[in-house]
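So the number in my numbering is just where the residue sits in the sequence shown, counting from 1, plus 119. Take a look at the structure set out below.
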Amino acid sequence: MPELIEVEQYREALDVLCGETVMSVDIPDSAFVRPREAPLEVFDALVGRTLASTSRHGKLLLAHFGTKDDYVVGMRFGMTGRLLIDGVSPIETLEYASGRNDPAWDRAILDVGGHRVAMRDQRRLGSIELDPDTRQLGVEASTLTASALSGICTRRTKAIKAVLLDQALVAGLGNLLVDETLWQAGIDPRRSAGALSGHEIDAVAAQAVATVRTLSARGGSHTGDSFELRHLDATCHRCAGSMSHDTVGGRSTWWCATHQS
Ligand SMILES: [Zn+2]
Numbered sequence: 120m121p122e123l124i125e126v127e128q129y130r131e132a133l134d135v136l137c138g139e140t141v142m143s144v145d146i147p148d149s150a151f152v153r154p155r156e157a158p159l160e161v162f163d164a165l166v167g168r169t170l171a172s173t174s175r176h177g178k179l180l181l182a183h184f185g186t187k188d189d190y191v192v193g194m195r196f197g198m199t200g201r202l203l204i205d206g207v208s209p210i211e212t213l214e215y216a217s218g219r220n221d222p223a224w225d226r227a228i229l230d231v232g233g234h235r236v237a238m239r240d241q242r243r244l245g246s247i248e249l250d251p252d253t254r255q256l257g258v259e260a261s262t263l264t265a266s267a268l269s270g271i272c273t274r275r276t277k278a279i280k281a282v283l284l285d286q287a288l289v290a291g292l293g294n295l296l297v298d299e300t301l302w303q304a305g306i307d308p309r310r311s312a313g314a315l316s317g318h319e320i321d322a323v324a325a326q327a328v329a330t331v332r333t334l335s336a337r338g339g340s341h342t343g344d345s346f347e348l349r350h351l352d353a354t355c356h357r358c359a360g361s362m363s364h365d366t367v368g369g370r371s372t373w374w375c376a377t378h379q380s
């Protein structure tokens with residue numbers, strides 16, 4: 120699924136079109152619009168506006184239109200969403216997504232200066248929204264600090280994995296980035312967030328930032344050191360321990376039973 124690393128690659132691809140003007144907006148799938156009661160016509164206001172800049176908060180891609188940031192379009196990519204520009208996506212295949220690539224899955228298409236910008240989403244769990252409220256998102260994961268994470272974890276009894284996946288608390292991390300972060304930090308994903316020591320909070324925050332940086336350079340959320348350990352026959356290549364598996368925070372979770380405690 121697209122995590123912040125993949126969405127950042129989408130943002131970089133879209134950013135190339137800054138300065139171009141929107142010629143048309145086509146949203147063939149009205150169920151893709153948020154909020155659900157929003158009429159499709161609101162997107163007509165984009166026609167004639169210039170793409171001024173792009174930004175990202177967690178997994179939310181933001182396209183800013185007009186000279187005074189008149190309109191902001193938020194794009195969410197769910198489990199299987201990709202951004203294609205003139206038929207090309209920076210991400211060819213997503214983990215857990217079908218290898219098929221069907222234009223019938225194009226849920227929103229913008230013509231920006233003659234370039235076709237399409238949100239292609241097989242499972243349709245993504246969405247497009249005009250002027251999204253970013254205050255509902257937690258702190259940006261790529262710059263997560265120990266003090267911010269400490270404030271988030273205080274008195275929270277749910278598992279640290281569930282806290283890191285909760286986009287209203289920490290924005291941008293998905294299943295693979297969280298498992299890699301906790302494997303690197305040596306923390307059992309089932310541990311209660313509020314029970315982590317200050318030293319452990321420091322380690323998790325530092326590893327979250329380092330994991331995003333390292334895996335961004337490698338090209339995707341699936342390039343972590345622990346990715347190949349996601350099966351029961353695997354032997355941890357840090358400590359030779361065996362791997363454990365369970366559902367934690369609602370997601371399929373792998374961790375080393377020996378060095379993650
Ligand atoms: Zn280990």
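Every residue gets a Cβ at the ideal spot worked out from N, C-alpha and C, and that includes glycine.
{"Query": "C-alpha distance - residue 368 paired with residue 311, whole-angstrom precision", "Result": "11 Å"}
{"Query": "Residue 364 CB to nearest heavy atom of ligand 1 below 7 Å", "Result": "no"}
{"Query": "Endpoints, the alpha helix (DSSP H) within which residue 350 is located", "Result": "Here residue 350 belongs to no alpha helix (DSSP H), and DSSP marks it neither H nor E."}
{"Query": "Burial state of residue 318, where buried means 16 or more other Cβ atoms lie within 10 Å", "Result": "exposed"}
{"Query": "Cβ-heavy atom distance, residue 360 to ligand 1, below 7 Å", "Result": "yes"}
{"Query": "Spatial neighbours of residue 130 in its chain, beta-carbon cut-off 6 Å, leaving aside the 5 residues before and after", "Result": "173, 175, 180"}
{"Query": "N- and C-terminal bounds of the beta strand (DSSP E) containing residue 404", "Result": "In this structure the chain extends from 120 to 380, so residue 404 is not present and cannot be described."}
{"Query": "Proximity test, residue 357 beta-carbon vs ligand 1 heavy atom, cut-off 7 Å", "Result": "yes"}
{"Query": "Distance CB(residue 258)-CB(residue 278) smaller than 8 Å", "Result": "no"}
{"Query": "Cβ neighbours of residue 293 in the same chain (closer than 6 Å, five flanking residues each side left out)", "Result": "120, 122"}
{"Query": "Heavy atom of ligand 1 within 7 Å of residue 140 beta-carbon", "Result": "no"}
{"Query": "Closest Cα partner of residue 184 within the set 199, 250, 372, 285", "Result": "250"}
{"Query": "Inter-residue Cα distance where the pair is residue 233 and residue 139", "Result": "9 Å"}
{"Query": "Whole alpha helix (DSSP H) elements within the stretch 303-338, 4-residue minimum", "Result": "317-337"}
{"Query": "Contact test: residue 234 Cβ vs ligand 1 heavy atom, cutoff 7 Å", "Result": "no"}
{"Query": "The stretch 221-230 / the stretch 141-154 touching (three or more Cβ pairs under 8 Å)", "Result": "yes"}
{"Query": "Residue 308, buried or exposed, once every other Cβ within 10 Å from all chains shown has been counted against 16", "Result": "buried"}
{"Query": "Given 8 Å, three or more beta-carbon pairs between the stretch 350-366 and the stretch 263-279", "Result": "no"}
{"Query": "Near ligand 1: residue 378 beta-carbon under 7 Å from a heavy atom", "Result": "yes"}
{"Query": "Classification of residue 156 by the beta-carbon crowding that lies within 10 angstroms, buried from 16 upward", "Result": "exposed"}
{"Query": "Where the alpha helix (DSSP H) through residue 270 begins and ends", "Result": "265-272"}
{"Query": "Residue 244 (DSSP reduced to helix, strand or coil)", "Result": "coil"}
{"Query": "Opening and closing residue of the beta strand (DSSP E) in which residue 181 lies", "Result": "179-184"}
{"Query": "Endpoints, the alpha helix (DSSP H) within which residue 146 is located", "Result": "Counting along the chain, residue 146 falls outside any alpha helix (DSSP H), and DSSP gives it neither H nor E."}
{"Query": "Residue 164 in three-state terms, based on DSSP", "Result": "helix"}
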